[in-house]
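What follows is a set of notes on a single structure, which appears directly below.
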Amino acid sequence: MFRFLVRRVLGAMVILLLISMITYFLFFALPSDPALLSCGKQCDPQNVALIRKNLGLNLPIWTQYWHYMVGIFAGRHMPVGDCPAPCFGYSFANQQPVWGTIADSYPTTLTLAVGGAATFLTIGVSLGLISAWRQGTVFDRIASATSLLGQSVQIYFIGPLAILLFSTKLGWLDRGHDVDWAHDAWGSVTGMILPCLVLSVIFWSNYSRQTRSLMVEQLSEDHIRAARAKGMSSRYVFLRYALRGAMATIITIFGVDLSAVLGGAIITEVTFGLHGLGLLSVQAVLRSDLPLEMAVMLIGATLIVVCNIVVDLAYAFIDPRIRLA
Amino acid sequence: MKSSTRAAMEPSGPLPGEGQNPDPADGLEVKTSELVGRSPGRLAWIRFKRDKVGILCAFTVLGFIVIALAAPLISKLYGKDPYQLYGQDRGLLNSYGTPLKPNGGIDGDFWFGLEPHLGRDVFTLLIYGIRTSLLIALAVTVVAVIIGVLVGLVQGYLGGRTDYFVGRFSDLMLSFPQQLFFIAFTPVIVALFVSPTDDEPTYVRVVALILVQLILGWMTIGRLIRAQVLSLREREFIEAARLSGASGWRIIRKELLPNIWSTVLVQSTLLLPVNVTAEAGLSYLGVGVHNPTPDWGLLFQSGATYYDSDLTFMFFPGIAMVVFVVAFNLLGDSVRDALDPKTVR
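Line order of the protein sequences matches chains C and D. If you read the first sequence in our numbering, its first letter stands for residue 1, the second for the next number, and so on. If you read the second sequence in our numbering, its first letter stands for residue 1001, the second for the next number, and so on.
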């Protein structure tokens, strides 16, 4: 277990190092001159030279990268100002430390991710379980048709429709706004319900389909028949035996989806105008704010890698046959 | 769904109706043809033809492809193009920019109505938009599948160190946040071709979009193919081919490829709609194709701006996309059932 963890963490660090390298070099070493980008369209050569010096862009690319990586762990002194420990540099667009901007927008993304993930996992898995339990009934058919439809809609289509229907016309739900847990906890909850629901639609259909087919497959296994033959109740066999067998696959998909939404559900945030990591990254790209893009990319990649390790650990708890070595 | 699976599992005897042919000569012919072995592809085709949903979806998908390819022809017949600002020119918009006529300005002239504010024709915008999105996605899918298959074959067939390093490389690529990668690197790739101060031609952006989606597009199918090749490699017929002195290239081409093409076909059918919606998503976010080039995603971008005042504008693009994705997903399922009758879903 311990050896597994050490090996995976080391592997993850190598991957993250490579990703940071690739991203840094693509952003800062390619012909798209960062100094020119950060300067805007109307810009005289003097300004460009000044920016280049301030950002340390006149140094060789390896030195720049080294400074950047050291800055993340130890902080660094930059000509524009002092940048404490997790230093991802200064934004080209608003000259603020990147880390502060990200920390400000992360609560919204985190709330959306956790709320959305809880919603789609609950709805998807329970629909799948009921469908598998009542195979071939009307419920099963309706559920699979809904899943197909859910899989085929896009947030940028149903998002505006949902706002119009549930918020403007019916007035049931808030149209979605940023969270502010410290000052307005209740408003944070109500402002997130509609975005979470809309976000969950494109995910839960996958869970219900997967859960259903996994359960159907599990129920035809020999150990299930043996358990039934011993006289265990159907419900016990279904929930304790079959569900456990299906769990490993569900958790794998969940890990992938969760890491994706934790890194910022970009389209949902843009559609609802939520100022989270996703909207931030789109704005960063539109303004060519390379340091901000770089930071968001690194955070997203870290989340993916960490979630992968957590999923593998979770396997061992669910399925004792899987040995981590 | 269950019945279609069961139908597919039946041994493919004569089709219903064929046996009760009154003409004895024809009946005889059916019998003799039954003795002739049928190729797996032919069997799959027979199974597919029985699947009514699959046929319907295949026609829908074909319809979309025809619309995409024939968009210039259709708009010529229809008599409008997606760049003219009909609403402004002919005074069909009110002072807020919404169409004067109800339902988004739908009438005999403008079948799907007018775009608010600019007053472009929604019908031509949609068919040209489908054309842009579908062609980009098609290019991405085809090339990504080819790369994926090649990588998977090489990994599975060569094994050993090649397999290890290519595998770690695909792990690395899978650790990039996908959507973020697309939006962040599209400008970088564009900057490779044109300087940031110059105006970029549309085709550069299209090429950049294709490239950026390709870079992260091949890993999933590569892994599937690798796993399949790994299990096929140990089978007797491959061993036999190797013992009889077949070259590696021949084994890959003649022994391995025919066994994986069903996976390839199914995966491509499932991948295409994903790529279409991803491309549309990028344009929706403002980092894909730019105005005035018509694009499916751009329609949703303006739709999101105007949905409060003019919902009809988004209606047709939205419904078209839902129909498109549903048809493709169902077609993917049908193709899978036809090619591999053992799968349960």
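A virtual CB, placed ideally from N, CA and C, is assigned to each residue, including glycine. Computed from a prediction, not measured in an experiment: that's the story for all the values here.
Query: Taking the straight line between their C-alpha atoms, what separation do you get for L26/C and K169/C?; Result: 47 Å
Query: Check distances from the C-beta atoms of the segment 1151–1183 of chain D to those of chain C and list, in chain order, the residues that come in under 9 Å.; Result: R1168, D1171, L1172, L1174, S1175, F1176, P1177, Q1178, Q1179, L1180, F1181 and I1183
Query: Do the segment 99–109 of chain C and the segment 240–254 of chain C meet, that is, are 3 or more Cβ pairs less than 8 Å apart?; Result: no
Query: Leaving out five residues on either side along the sequence, give the residues of the same chain with a beta carbon under 7 Å from the beta carbon of A1007/D.; Result: Confidence in A1007/D is poor, its pLDDT being 41 and thus under 50, which makes the residue's placement too unreliable to answer from.
Query: Can you give the Cα-Cα distance for I19/C and N308/C, rounded to whole angstroms?; Result: 16 Å
Query: For the alpha helix (DSSP H) containing H223/C, name the first residue and the last one.; Result: D222 to A229
Query: Does the distance from the CB of S288/C to the CB of F88/C come in under 8 Å?; Result: no
Query: Would a check of beta-carbon distances place F1300/D closer than 8 Å to chain C?; Result: yes
Query: Using a Cβ-Cβ distance under 8 Å, would M1219/D count as near chain C?; Result: no
Query: I'd like the ranges of any alpha helix (DSSP H) spanning at least 4 consecutive residues and lying wholly in the segment 123–162 of chain C.; Result: 138–152 and 155–162
Query: What's the call for P291/C, buried or exposed, on a 16-neighbour Cβ count within 10 Å?; Result: buried
Query: How many Å lie between W66/C and I72/C at the Cα?; Result: 10 Å
Query: Which residues, taken in chain order from the segment 154–174 of chain C, show a beta carbon closer than 9 Å to some beta carbon of chain D?; Result: Q154, I155, Y156, F157, I158, G159, P160, L161, I163, L164 and T168
Query: Taking V1187/D as the reference, which of G1037/D, H1290/D and S1268/D has the closest Cα?; Result: Here residue 1187/D is Pro; the residue named in the question, Val, does not match the sequence. For the residues G1037/D, H1290/D and S1268/D, the minimum Cα distance to P1187/D belongs to H1290/D.
Query: Between the C-alpha atoms of I1225/D and A1058/D, what's the straight-line distance to the nearest angstrom?; Result: 25 Å
Query: Among T1220/D, I1210/D, E1255/D and M1219/D, which one has its Cα closest to the Cα of E1236/D?; Result: E1255/D
Query: So does the segment 195–205 of chain C actually touch the segment 121–133 of chain C, counting three or more Cβ pairs closer than 8 Å?; Result: yes
Query: What residue from V1190/D, L1125/D, V1143/D and A1191/D has the CA that sits closest to M1314/D's CA?; Result: L1125/D
Query: Residues in its own chain within less than 6 Å of T1293/D by CB, not counting five upstream and five downstream?; Result: T1202
Query: Taking 8 Å as the CB-CB cut-off, is F1112/D touching chain C?; Result: no
Query: Taking 8 Å as the threshold (C-beta atoms), are G1222/D and S1170/D in contact?; Result: yes
Query: Go through its chain and collect everything with a Cβ distance to G1332/D's Cβ below 8 Å, but skip five positions before and after it.; Result: V1266, T1269 and L1270
Query: Do V1151/D and W1218/D come within 8 Å of each other at the CB atom, strictly closer than that value?; Result: yes
Query: From H177/C to V1145/D, what distance separates their C-alpha atoms?; Result: 40 Å
Query: Got a sec? Which residues, its chain only, sit under 8 Å from A1338/D by beta carbon, not counting five neighbours each side?; Result: A1008, A1044, W1045, R1047, F1048, D1051 and G1054
Query: Pull up the CB-CB distance for G255/C and A265/C, whole angstroms please, since I reckon it's below 8 Å.; Result: Incorrect: roughly 16 Å between the Cβ atoms, too far for contact.
Query: Ends of the beta strand (DSSP E) at H77/C?; Result: R76 to M78
Query: If I'm right that L274/C touches T137/C with Cβ under 8 Å, what's the distance once you round it to whole angstroms?; Result: About 39 Å; that fails the 8 Å criterion.
Query: Under a Cβ-count criterion, where at least 16 other Cβ atoms within 10 Å of its own Cβ denotes burial, should H1117/D be classed as buried or exposed?; Result: buried
Query: Based on Cα-Cα distance, which residue from G1079/D, T1098/D and R1161/D lies nearest to F988/D?; Result: Given that chain D is displayed from residue 1001 to residue 1345, the structure contains no residue 988/D and the question cannot be resolved.
Query: Could you tell me the boundaries of the alpha helix (DSSP H) in which A1184/D lies?; Result: Q1178 to F1193
Query: Using a Cβ-Cβ distance under 8 Å, would F1059/D count as near chain C?; Result: no
Query: Spell out the partners DSSP gives D1081/D in its beta bridges.; Result: In DSSP, D1081/D forms no bridge with anything.
Query: Quick one: residues in its chain with C-beta nearer than 7 Å to the C-beta of Y24/C, no 5 flanking neighbours on either side, listed in chain order?; Result: Y65, Y68 and M294
Query: Mapping the DSSP letters down to three states, classify C87/C as helix, strand or coil.; Result: coil
Query: Taking the continuous alpha helix (DSSP H) assigned at V1280/D, which residues delimit it?; Result: For clarity, residue 1280/D is Ala in the given sequence; the question names Val instead. L1257 to L1285 is the extent of the alpha helix (DSSP H) around A1280/D.
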